[in-house]
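What the sequence shown shows, in our numbering, is residues 1 to 218, in sequence order.
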Amino acid sequence: MTKDEHKAKDHNAAKTQTFLDGAYKISTTDDARAFYDAWANSYDDEISTNGYLTPVRCAHAMARLADDLTRPMIDIGCGTGISGLAMADAGFTSIDGSDLSAAMLDKAKTKGVYRNLWQADLKQPFPFAVGTYHFIAAIGVIATGHMPPETIPRLAHLLDHGGFMVFSLNDHTLENPEFEANLHALVNNKTITILFEEYGDHLPGIGLKSKIFILKRN
Numbered sequence: 001m002t003k004d005e006h007k008a009k010d011h012n013a014a015k016t017q018t019f020l021d022g023a024y025k026i027s028t029t030d031d032a033r034a035f036y037d038a039w040a041n042s043y044d045d046e047i048s049t050n051g052y053l054t055p056v057r058c059a060h061a062m063a064r065l066a067d068d069l070t071r072p073m074i075d076i077g078c079g080t081g082i083s084g085l086a087m088a089d090a091g092f093t094s095i096d097g098s099d100l101s102a103a104m105l106d107k108a109k110t111k112g113v114y115r116n117l118w119q120a121d122l123k124q125p126f127p128f129a130v131g132t133y134h135f136i137a138a139i140g141v142i143a144t145g146h147m148p149p150e151t152i153p154r155l156a157h158l159l160d161h162g163g164f165m166v167f168s169l170n171d172h173t174l175e176n177p178e179f180e181a182n183l184h185a186l187v188n189n190k191t192i193t194i195l196f197e198e199y200g201d202h203l204p205g206i207g208l209k210s211k212i213f214i215l216k217r218n
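The structure is reproduced here in structure tokens:
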């Protein structure tokens with residue numbers, strides 16, 4: 001490897017760490033949109049380099065529990081489509097996606113697994129009616145600085161009865177007890193049942209783990 005190639009490799013490694021660090025420091029919607037627009041071109045390579053496992057974990061668990069993989073799914077915060085691709089590989093056939101970043105959505109389109117894609121600020125009212133989707137996926141998106149704890153009940157209440165929701169909370173997010181408190185409030189009032197819960201690898205390249213949940217609407 002030449003000296004210039006070494007420099008390029010070191011530069012790319014530094015950029016990867018900068019993006020990953022920055023992802024957990026976002027505080028506003030405008031900052032998030034600009035950040036992910038800038039990250040879109042290198043996102044897949046950088047995340048894959050760090051062994052991003054949560055989408056596959058979620059997809060495999062959801063496919064084992066789902067009643068009919070042909071029913072419609074919405075992939076909330078779909079990014080470049082890594083999560084949708086994992087769901088398609090697991091057997092789901094009717095997947096729509098939404099994301100804050102137009103540049104991320106352009107990349108998601110190239111995956112060829114989505115029926116429809118649209119740009120949306122999901123801190124605003126969700127742009128679909130209760131029961132539109134039998135499956136809701138929010139993988140790596142309900143997180144400190146991205147979507148607040150009350151996102152969990154907001155999404156759960158959009159499921160039809162008998163519908164399923166899968167989502168993840170990374171280590172940074174689990175430090176805030178409000179996220180799991182919102183979840184357990186739904187259990188206590190019998191809105192949902194937790195069918196699956198697992199703590200495991202998220203981004204092993206940076207030592208980050210996540211807890212994934214699968215819920216069923218009562």
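We treat Cβ as the ideally placed atom computed from N, Cα and C, and that holds for glycine. These figures come from a predicted structure and were not determined experimentally.
Problem - Pairwise C-alpha distance: Ala-88 and Asp-121 - result: 24 angstroms
Practice task
Could you check the C-alpha separation between Ile-74 and Leu-169 for me, to the nearest Å?
Solution key: 18 angstroms
Practice task
Compute the minimum distance between the beta carbon of Gly-81 and the heavy atoms of the ligand PLP, and state whether it is under 7 angstroms.
Solution key: This structure lacks the ligand PLP; in fact it carries no ligand of any kind.
Problem - Ile-214: first and last residue of the uninterrupted beta strand (DSSP E) it sits in - result: 208-217
Practice task
Provide the residue span of the beta strand (DSSP E) that contains Met-73, from first to last.
Solution key: 73-76
Problem - Unbroken beta strand (DSSP E) run spanning Asn-170, endpoints - result: 164-170
Exercise for the section: Kindly indicate which three-state DSSP category Ala-61 falls into: helix, strand or coil? Expected result: helix
Practice task
Could you tell me whether the stretch 183-201 touches the stretch 134-143, where touching means 3 or more Cβ pairs closer than 8 angstroms?
Solution key: no
Practice task
Tell me whether Asp-10 sits in a helix, a strand or coil according to DSSP, three-state version.
Solution key: Any reading at Asp-10 must be qualified, since the residue scores a pLDDT of 41, below 50, and its modelled position is unreliable; the value itself is stated next. In this structure, Asp-10 counts as helix in the three-state DSSP scheme.
Problem - Neighbourhood of Phe-92 by C-beta, 6 angstroms cutoff - its chain only, sequence neighbours within 5 removed - result: Leu-69 and Met-73
Problem - CA nearest to the CA of Glu-175, picked from Tyr-52, Lys-209 and Lys-107 - result: Lys-209
Practice task
Go ahead and pull the three-state DSSP assignment for Asn-50.
Solution key: coil
Practice task
Pull up the distance between the alpha-carbon of Gln-17 and that of Ile-192, whole angstroms please.
Solution key: With a pLDDT of only 47 at Gln-17, under the threshold of 50, the placement of this residue in the model should not be trusted, and no figure is reported.
Problem - Spatially closest choice to Ile-47 from Thr-80, Arg-57, Ala-66 and Met-62, by CA coordinates - result: Thr-80
Practice task
Look at the alpha carbon of Asn-50 and the alpha carbon of Met-165, and state the distance between them as a whole number of angstroms.
Solution key: 26 angstroms
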